[in-house]
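Below: the structure, in structure tokens.
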Amino acid sequence: MSVLNFQHMSTKTFLRTFAFASIFFLSSPMEVTSAEKMTLGFVITNWSTAMYETLFMDECSGGPTPGNYEIWEASVTPEVRRSYPVLLFSQLRHINNRGRNGLNVCDHPTSFDDPSLEIIEGKYAYGANLDGNKHGRATSTSCEHKNFTGLNGEEGIDNQMYRLMGCVEAWKSYGHIENNANSHRLSSGLGMILIEVTDVENERNDESVSVSFFRGIGSYNLDSTGNPLPYASYGIDHENGRARYGDTVMGKIVNGVLTTKSADVHLPFFGNYQYMNQLFRDMQLELELSDDGEPMTGLITGYYGVDQFYSYVRGMLSTFPNRHKFSCPAIYVAAHQLADGHPDPETGECTTLSSAFNIQAISAFINHPDYD
Amino acid sequence: MKNTGHRLPSRRAVLRGVLAGGTVSVGLPFLGSMLDSSGKVLASGAPLPVRFGTWFWGLGHTPGHAIEEKASSGFGIDFIGECQALSTHKEIINYFDRFNTPLDGRSNFPHYTGWIASRTGTVPDWQEEIAKPTYDLLIADRIGTQRRFKTIDIACTGNPRNSYSARSTYNRSAAEISPSDFYARLFGPEFVDPNNAEFIPDPRTMVRRSVLSAVTEDRQQLMRQLGASDRAQLDEYFTSIRELEVQLQVQLQKPAPNEACSAIAPPKDDTFLGSKTGVEISRVEETHKSFARILAMAVACNQTAVFNVVFSENLSSLRKLGESVTHHSLSHEEPTDPELGVQQQTSWFNTRSMDALAFFISTLSSIREGDGTLLDNVLLLAGSETSFAKTHSVDAIPFMTVGKAGGRIKTGFHINGNGDPITRVGLTAMQVMGVPIDSWGSRSLLTSKTISEILA
Amino acid sequence: MACFSLTLQKLVCFGFLFLAWLGLSACGPAEPKTDAPAPDMRRLTEDQYRNIIADVFGTQITVSGRFDPLVRTEGLLAVAAWNTSVSSTGIMQYEEIAQSIATQVLSKENRETYALCSGVSYTAFDESCARKFLAKVGRVLLRRPLTKDELTARITIARDSANTLGKFYAGLSFGLISLLVDPEFLFITDFTESDPARSNAIRLTAFSKAARLSFLLWNTTPDDKLLRAAESGELHSRDGLNREVNRLMASTRLKTGLRAFISDMLNFDEFDSLEKDSIIYPAFGAAVVRDAREQTLRTITDHLVTRNGDYRDLFTTKKTFMSRPLGMVYRVRVKAPDNVWESYEFAPDDPRIGIQGHLSFLALNAHPGRSSPTLRGKGIRSMLLCQKIPDPPADVDFSGFNNPESLGKTARERLLAHATNSACIGCHRIMDPIGLALENYDGAGQFRGVENDAEINSSGELDGIAFSDSTGLGQALHDNPAIPTCLVNRLYAYASGRTFTAKSDWLTYLNKVFADGGYRVTDLLKRIATSTTFYAVSSPHNLDQTFESASNIIHFD
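Chains as they are written, first to last, in the working numbering: chain A, 1 to 372; chain B, 1 to 456; chain C, 1 to 557.
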């Protein structure tokens, strides 16, 4: 029986407890001094789809997936191919407009049957166990899918995004999709994500902190080699004092690693000339903190909407018609097939893909607008 | 040889020498014979001018790792270790070893006494004291006034204060630090190509000259109102004005054609160097290469007869990117490797300095002039401010002549000074360049012993 | 009745006399008699040259070129200017710069603004336009009106040039060039005249007084009002001088003048060649170099001028200014946008304190890739305390020390050998213990708690006062008697080119004025600017042999 279970306590015991408690509290200084609460700030300096890669692409048994160009080339005679000696912009559009009756295959992904996307068949992936189980069978909140094993042997890793895009060369660490996006973000400051951690009592271990996500305004401060410098000050995107993003979640810090509780979070996005307001469902952040200005690495996991993702793919292919070895129809079909989260209540089809993204971040000061 | 265009030293220059301490004396017959010994001529019949230059690097050599020791002077230099890169040029170099700097009880100001003593002939009483003009100015007084630029001073370190050419403590030049600015100044709109058939004196130059004349017209009136020390200060100013007038006058005359002079492309924009300052080694080397090319052509086009190049400064802060130590701090702090017998990293910088000198020499010799190359008509005096930097030693400060000085000197000799004063080197250089002196230097540095082994 | 009124009269008289005496003594001690130096001249510094062009022609006229370097003497470049002339390469530069300025001023776009003669023929020489223009610029550039003959001579130059070049404005530009290379422009000269108040004595001309005053307070050429005060002779009267001093000191330009002095005293010319290793200190780029200098100058002028604060508090103040680039190096939040400065105050528990805690001091007195307790200690000794450190002995073997691979993780450990080697200890014990208190700041001035994983001990000592950290150092500097006396010494040397021994009556007087007034630099400046000594000159043959002119400096002890 707990000493604080007043219901069953005798008056005597109660009084004794009360007296003891009073002495205890009254013997300390009169004002209750809470430890000073700190605020930590970070800015994300690199964001990419978390890809487990082997040297010889063992994870893609069929090799890298063909893109629009390869599919088109396979569908025409060598003479026709040779009649396009240099792939000019106008000709590239031809390649996208290879759908039925000249439809653009990215705008109408079901209008053409591309060869199936090569998808990841490997065992390992980065990510988290988002659906809470290791079997991968359908549940009320998820669709059937294969689980991965984490790099430290953890089972039940859900990362259908990786399964989907892991054999698309452009998406790999040596491909240009993520590299272009990152370098453009660094040089322009667009799509900057700020992370603010408040109510921090101890930077190494704190059971309860608040974590908020904002869109940063301004440019990154780069050193002479183009790397962003820590401890710069950034303003947040706001309208009349109200932050445009600003979702807040609970978190904790354990041995210098910040983690957040699963929650839906909106994050800004800019990359490859596409702007998006991304929604991450059941998002979790894990970030290994440093206090000396050194870059920090982390992982963002969560469910990413299929439509949201396809709109990115489609938008890019409008801008870069075809050098990226991916095919809109194949991705569209595969994405719907591989989706494993948030089933549509009516159709039962899953609408989101479990995913994981590597991030790098550095310390920053986050300035809130001075509004009353 | 009357049409050399070289005038006898002005009365003012001689008098200044006399007033400055009585260690400069006039020897006119000597002068004539020096001029006669220049045998080469230009196609036009005018003799090829002999130019003088200095090339400075900081922190000397590691003793025993620059040249093979020789007990006595003689033909043949064996460059080793840090000076490997100079081996290919040894035929055109004279190396001066074991010339010392007696201090007569004065302090050895680390990294200052060495260069001041060797270039001015006088040991300083305090760190920045320049009691007498540096030899390049004495030579320029003699041969420099008939050129568009009396001297050209260059620093590859990005710091205009890195200049070892000074008339006195308070009379110093600022060095050029930007190759593209230098190019614009030399070969910009005011450049007159000596090989142009047509020459029209620029009226603007005439006007500039007459304006300077006018400015000095009422100098007597001004001088009368001043005290003695101010008169000296003002006199320096008027001397400088007068020299500029003469230089402008030169630009009003058709320059002698010189086949060696040809157009060169401007350097890359300086932004490739990063910031304008900085002594990170690869940056200094790039700057040096850029300067060398432009300077060599400027000399070939007779824009100047005297130049000074500073590769690294006397306290050489050359460094490698990402390293917290500099050449100078290494020279003191780095322990000597017991097997190799050198301070490895220090030696590395010393070697790079000599590599740069070798490059400079190649640049000069890459320009054809007359029957040979530009280098044949240059006397380049390369030297440092210390021999063994770790101990700040000013004995055996390494010095070299490079080039044939128009045939006035022999080359390829290793000269052992046997402890003689280092001023013998400067004296010899000045005499070769036609400065009318029999002796030079103060106190124990006073010498009249020319290094005759190298005279042609 | 008569008796009573007589007593009353006496009482009133006595009362007035008493009040007068009170008033006089309330002004402090009287200026001591000091040997006046011979008239002298100094060459314009680069800053002065640029300020003058900006003031006369506006900031849109660019000045680019090299200026002969000044050799720091007695701690100041300003002192060297009194000994410096113009080298032959220097005069080429001046002439080229003059050409560039004149071309810009009389360019098609600008000529109407400056020459104020509209509708003038492009080719024919217009004498009245030339006269107006050259008289106007001549007066400001030579810091006195041209005489009739002088003006005629300049007009002749312009006319002859115009005839040769066939263009009026080109000719006129050479009139301007002749002024810009004139020795009376390039040199600030003490011109003298006989002093009507004393027989066989000379005094500075009013124009030379004006120049001396203007360059001290504003670091630029006398403005129109000051020139008129000189022309009218007002400047020779006490009232006239006081009026002009007050006017100049009330202006925001006083800060410009003070900045020039502070920059000289703190060796800020070294910023021109300051670089930090971009891998070791990636945040320390060009913007930081530029802002670090500005931060300290702003802090000092704000404290000394705007707030009229105690000079000694500069070493304990937490108040400063911050910009975005600096925020990253100091690791503090900056709200202001790019290129805007905001006030900033370090928290009470932040160890950063005083101007010695600014990046400007810490980074300038360090190496490109690491800190230097010795350089920082030396910097404080020589710049702030006016104490000379002898040069190191020529044959020292340093390889026992400072080798990061051998002994010691922190600089303190590595410099232990300084403290034990008898050849080193004499000088190093007056430098290292000061700089070691600043070891929490790395070579770029960034804070660090450890070096090579070892905790940094920032205790130190200054002239017998021990302290446990840099806050203690700040207080020790504040309390050190040499701090204010050094400032006085430097300020007067900067103003006049003269240094004195510490025991001289003049310095004793200035020090007392400074102390009594609460160490307010503006008050000290005013006292100097209104003193007789500052303007006093004597004929060379009147000189006492023991007095040394600026070219033979007495070392301050």
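Built from N, CA and C at the ideal position, the CB exists for glycine as well.
Bear in mind that the values here come from a model prediction, so they are computed numbers and not experimental data.
Exercise. If you draw a straight line from the alpha carbon of Arg259 (chain C) to that of Ile52 (chain C), how long is it in whole angstroms?
Worked result: 16 Å
For this session: Could you confirm whether any beta carbon from chain C is found closer than 8 Å to the beta carbon of Ser444 (chain B)?
Result: no
Exercise. Under the rule that 16 or more other beta-carbon atoms within 10 Å means buried, what is Pro390 (chain C), buried or exposed?
Worked result: exposed
Exercise. What's the call for Asp516 (chain C), buried or exposed, on a 16-neighbour Cβ count within 10 Å?
Worked result: exposed
Problem set entry | Lys268 (chain B) classed as buried or exposed, judged by whether at least 16 other C-beta atoms fall within 10 angstroms | exposed
Exercise. What did DSSP end up calling Lys390 (chain B) once you bin it into helix, strand or coil?
Worked result: helix
For this session: Using a threshold of 8 Å, state whether the C-beta atoms of Asp68 (chain C) and Thr45 (chain C) are closer than that.
Result: no
For this session: With 7 Å as the C-beta to C-beta threshold (strictly closer), list the residues of the segment 117-141 of chain B near chain C in chain order.
Result: Gln127, Glu128
Problem set entry | Strand pairing of Tyr124 (chain A), partner residues [DSSP] | A:Thr149
Exercise. Does Arg290 (chain C) get closer than 8 Å to chain A when you measure Cβ to Cβ?
Worked result: no
For this session: Provide the residue span of the alpha helix (DSSP H) that contains Arg293 (chain C), from first to last.
Result: 286-301
For this session: Could you tell me the distance, in whole angstroms, from the CA atom of Ser173 (chain B) to the CA atom of Val86 (chain C)?
Result: 9 Å
For this session: Report the rounded CA-to-CA distance for Ser178 (chain B) versus Ala286 (chain C), giving the unit in angstroms.
Result: 17 Å
For this session: Would you list the one or two residues that DSSP bridges to Arg215 (chain A)?
Result: A:Ile193
Problem set entry | Inter-residue spacing [alpha-carbon to alpha-carbon] between Asp239 (chain C) and Ser371 (chain C) | 52 Å
Problem set entry | Contact the segment 347-366 of chain C vs the segment 284-298 of chain C: 3+ CB pairs below 8 Å | yes
Problem set entry | First and last residue of the uninterrupted alpha helix (DSSP H) at Val123 (chain B) | No alpha helix (DSSP H) contains Val123 (chain B), which DSSP labels as neither H nor E.
For this session: Would you please verify whether the beta carbon of Lys136 (chain C) is less than 8 Å from any beta carbon of chain A?
Result: no
Problem set entry | 6 Å Cβ shell around Val250 (chain B) - same chain, five flanking residues per side excluded | Gln146
Exercise. Comparing alpha-carbon positions, which option in A:Ile95, A:Ser75, A:Glu196 lies nearest Tyr234 (chain A)?
Worked result: A:Glu196
For this session: Taking 8 Å as the threshold, find out whether the segment 74-91 of chain B comes into contact with the segment 101-118 of chain B through three or more Cβ pairs.
Result: no
Exercise. Given a limit of 7 Å on CB to CB distance, which residues of the segment 241-269 of chain A reach chain C?
Worked result: none
Problem set entry | Alpha-carbon spacing of Ser61 (chain A) relative to Glu121 (chain A), whole angstroms | 7 Å
Problem set entry | the segment 315-333 of chain C: positions lying closer than 9 Å to chain A by Cβ | Arg324, Pro325, Gly327, Met328, Val329, Tyr330, Arg331, Val332, Arg333
For this session: Determine the DSSP secondary structure at Gln356 (chain C), reduced to helix, strand or coil.
Result: helix
For this session: Flag Arg147 (chain B) as yes if its beta-carbon sits less than 8 Å from any beta-carbon of chain C, otherwise no.
Result: no
Exercise. Closest Cβ-Cβ distance between Asn380 (chain A) and chain C: below 8 Å?
Worked result: With chain A represented from 1 up to 372, any question about residue 380 (chain A) goes unanswered, as that position is not in the structure.
Exercise. With a CB to CB cut of under 8 Å and the five nearest residues on each side skipped, what residues in its chain are close to Arg131 (chain C)?
Worked result: Leu151, Ile155
Exercise. What span of residues does the beta strand (DSSP E) with His414 (chain B) cover, start to end?
Worked result: 413-416
For this session: Have a look at the DSSP bridge pairing and note the partners of His238 (chain A).
Result: A:Ala243
For this session: Sort out for me which residues DSSP pairs Glu345 (chain C) with in a bridge.
Result: C:Lys319
Problem set entry | For Trp348 (chain B), the three-state DSSP class (helix, strand or coil) | helix
For this session: Could you confirm whether any beta carbon from chain C is found closer than 8 Å to the beta carbon of Asn147 (chain A)?
Result: no
Problem set entry | Residue-level contact to chain A via CB, Lys225 (chain C), 8 Å cutoff | no
Problem set entry | The alpha helix (DSSP H) enclosing Ser187 (chain A), as first and last residue numbers | 176-188
Exercise. So, is the C-beta of Asn179 (chain A) closer than 8 Å to a C-beta in chain C?
Worked result: no
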